[in-house]
Amino acid sequence: MPTSSTDGLNYLRDQLKTLPTGPGVYRMLGQKSGEGGRVLYVGKARNLKARVTSYTQPERLTARIRKMVFETCELIVVQTATEAEALLLEANLIKSLKPKYNITLRDDSSHLSVVITGDETPLIRPHRGTRKTNREAEYFGPYPSASAVYQTLNLMERAFRLRTCNDATFRHRSRPCLKYDIKLCSAPCVGKISAENYAASVQQAKRFLRGERTEILTELQSHMAAFSAQQNYEQAARVRDTIKALSATQSAATAVTHSMANADVLAIVAENGQLAVQMFHYRNGQHVGNQAYFPKLDADDTQELPETLRLFLALHYTQRKPPPHIYCNVAPTDAALLAEALTTSAGHKVEITAPQRGEKREIIQQATTNAQSALRRKQAQNQSWQTQLENFGQLLNLPQTPTSLECYDISNISGRFPVASQVVATAEGMQRSRYRRYKITSKTTPDDYAMMAEVLTRRLKRGQKNENCENTLPSIIMVDGGKGQLNILLQVVQNLGLWGKPECPALVAIAKGEDRDKGLETLWHVNSDDVLNERSEFRTSPTRRSPERSEGEGGPFPQKNNAGAKAGSKVEGGPITYHPLPIPHNSPLIFMLQQVRDEAHRFAITFHRSTRTKALSTSRLDEIPGVGPTKKKALLLHFGSLEAIRGASLQALQQAPNIGPTLAQTIYDYFQSS
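Going by the numbering used here, the sequence shown opens with residue 306, and the numbers climb by one from there.
This is the structure in structure tokens:
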């Protein structure tokens, strides 16, 4: 197994003897941790042997790729029948394994879509998260904003009157709801519309969401005329209302171009080692939304934009259906091969081109301008975070600029449902992919200190193992609280043997003022005496403080103890002391720290609420042997409530779906005995 940088190169050269020459996917693994190695890179190749051979010539590689080769400890290859199959496998592996050296994209699970379910009587609703492929549901989107999703849902209700209620409500209604009275639902729950007519409305809604608006309006006008000729004025009026709703949204659409039809327009730009992809979505000639993505890119990889765009497209369309046309400002590598692969997965022909003239080129130029603007905004935002992290590092007297700041918060109600949050900030802003949630297991009584100690111990132990790059120890740990929480943090660090070591993070606590007002925070740091030297950038304005705080204790310039002690180091011969850091409360740094603290609080309380709701919604059915989630759902859908199940006869229980005689007897006996 390779143990040095040159050994990684020699290892790959040794593997060349046994590599196949056909198409496939290769994975490069780094130093082993636990049972498996850290995946460094996933790539596809037309010729696996030739592709890996290119990595054995370091003088032709970029600095990033050379570093990756030197870290490689293991190579795994998978042969495929075609190169198109290899391309799709590569995209799926990158999405699941998240290799260190591949580009990373924003997680699409945060975007809202519209879903029409595959039930016998389908419902329409918003959807956020992973799209399920094991049901006959159809997804539309993602949409650029939540407001766009709910505007679409409102239109679907007004135009097609599809149901939005959940299955339990739908199955147990005995009369129409209010939405039927105000003409937002056709009430299929009580048979106010036939199954055939409701299915036709569902198909029209799907076609509308796919962009076939003009065709649907033409058909509806023909239907209205036919109903009027038959003197079926009630149906004609219903179709007229649908036409009104659809015509209103049709006339409100101003961004229309007939040359685009159904297409996605992509523009990729790079500057100073950062990359942006702007994507415009056109459906039936209308510009229905756009989204900016910011894949990670090293400074020496700007010449690889065609390859980066190829991988972006493959990743982007693994979980969504591509439109027939994809227009790019740069022709991606292997565009024809990628189009073939997407055609296979989509079930319709997909073309990928880079137009050089005409209206399409003008729209691509517009997307490029938007991409450049988005990249500049992103760079300005990153520069702000970088500057404030540098300022914080200087204030804490750290030897190097901090690369990451982690903040922790506890949330519970009198010790019940205790949870904690971990949020991470870097020079690129808040890193949501590195957030972590913790369920407290050691305490069920009110003791925030013990809860914080448990969470910090679990986190720092994982960091000491250095399982992967995201688990390494941060530069700074900040806890939401005062000197008490900071003391717990210090005790955990000491107990784990980190105190005084170079890898030990800086320890900080952020506490609100006496009245818990935002803007009166105090930052506490361990042994911060030598931090109070002259730093003009933090003394340009006086520090606001509570009236109760004196200059000698908690003031902007507290009296020094153990003069000369290093920040974050143990004071020999004396107790460890805490002092407030001198940061003006109108400085950009304190605003950044407030943002990080508030994000930790939001993340903790959101997790606490979901945990509490889940615990309180636990049913007595969960206590019955043989009743799992599926049978529990079937019982509740059939009977409507727990009370109805409790009062049901043995014969009624036996008639419930998926409940056999034996389980029905068990359920009946359980409620009779209790």
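We put the beta carbon where it would ideally sit given N, CA and C, even for glycine.
Computed from a predicted structure; not experimentally measured.
Item: First and last residue of the uninterrupted beta strand (DSSP E) at F722; Value: R721 to T731
Item: Sub-8 Å separation of A672 and V635 beta-carbons; Value: no
Item: Same chain only: Cβ atoms within 8 Å of N963, ignoring 5 sequence neighbours per side; Value: T935, K936 and A939
Item: Continuous alpha helix (DSSP H) stretch holding F999: start and end; Value: Past the boundaries of the shown model lies residue 999; the chain is included only from 306 to 979, so the question cannot be answered.
Item: Closest by C-alpha distance to K354, when choosing among L345, K322 and R332; Value: K322
Item: Beta-carbon gap between R281 and S527 smaller than 8 Å; Value: Outside the shown range of the chain (306 to 979) lies residue 281, about which nothing can therefore be said.
Item: With 16 other Cβ atoms within 10 Å as the buried cut-off, status of Y406; Value: buried
Item: Bounding residues of the beta strand (DSSP E) (the contiguous stretch that carries D785); Value: I781 to D785
Item: Nearest-angstrom beta carbon gap, L791 and L812 [assumed within contact, 8 Å]; Value: 6 Å
Item: Contact belief for L324 with V357 at Cβ below 8 Å, rounded distance in angstroms; Value: 6 Å
Item: DSSP three-state assignment for K875, whether helix, strand or coil; Value: With a pLDDT of 38 at K875, under the threshold of 50, the predicted position of this residue should be treated as unreliable, and no value is reported.
Item: A816 in three-state terms, based on DSSP; Value: strand
Item: Straight-line gap, S892 to F697 (C-alpha atoms, nearest Å); Value: 11 Å
Item: Cβ-based neighbour list, Q705, same chain, cut-off 6 Å, excluding 5 preceding and 5 following; Value: none
Item: CB contact flag (V344, L393, <8 Å); Value: no
Item: Beta bridge counterpart(s) of N595 as assigned by DSSP; Value: F585
Item: C-alpha gap between L761 and I745, whole angstroms; Value: 11 Å
Item: Inter-stretch contact at 8 Å, needing at least 3 Cβ pairs: the region 540-549 / the region 627-644; Value: no
Item: Beta bridge counterpart(s) of G734 as assigned by DSSP; Value: T731
Item: Status (buried if at least 16 other CB within 10 Å, exposed otherwise) for V904; Value: It is worth fixing the name first, because residue 904 is Glu in this sequence and not Val. Buried: at least 16 other Cβ atoms inside 10 Å.
Item: Rounded separation between A646 and A389 - CA only; Value: 5 Å
Item: Contact set for Q699: own chain, Cβ-Cβ below 6 Å, skip 5 residues either direction; Value: none
Item: Per DSSP, the bridge partner or partners of K828; Value: Note on identity: in this sequence residue 828 is Leu, with Lys being the wrong assignment. Note: L828 sits in a beta bridge opposite I815.
Item: Distance between K497 and T474 (C-alpha atoms, nearest Å); Value: 16 Å
Item: DSSP-derived helix/strand/coil call for L402; Value: helix
Item: Alpha-carbon spacing of D472 relative to G945, whole angstroms; Value: 10 Å
Item: Distance, R371 Cα to R365 Cα; Value: 9 Å
Item: Beta-carbon proximity of R433 to L417, cut-off 8 Å; Value: yes
Item: Simplified DSSP state of R466, which is helix, strand or coil; Value: coil
Item: Supposed contact pair I573 and L616 - C-beta distance, whole angstroms, cut 8 Å; Value: Actually they do not touch by this definition, with Cβ atoms about 11 Å apart.
Item: T426 - containing alpha helix (DSSP H), residue span; Value: That residue, T426, is in no alpha helix (DSSP H); it is neither H nor E in DSSP.
Item: Extent of the continuous beta strand (DSSP E) to which H884 belongs; Value: Y883 to P885
Item: Whole-angstrom C-beta distance between N567 and P629, which should lie under 8 Å; Value: 6 Å
Item: Any C-beta of chain C under 8 Å from that of P807; Value: Among the chains in the structure shown there is no chain C, since it carries only a single protein chain.
Item: Whole-angstrom C-beta distance between A350 and G329, which should lie under 8 Å; Value: 6 Å
Item: CB of L778 within 8 Å of CB of G787, strictly; Value: no
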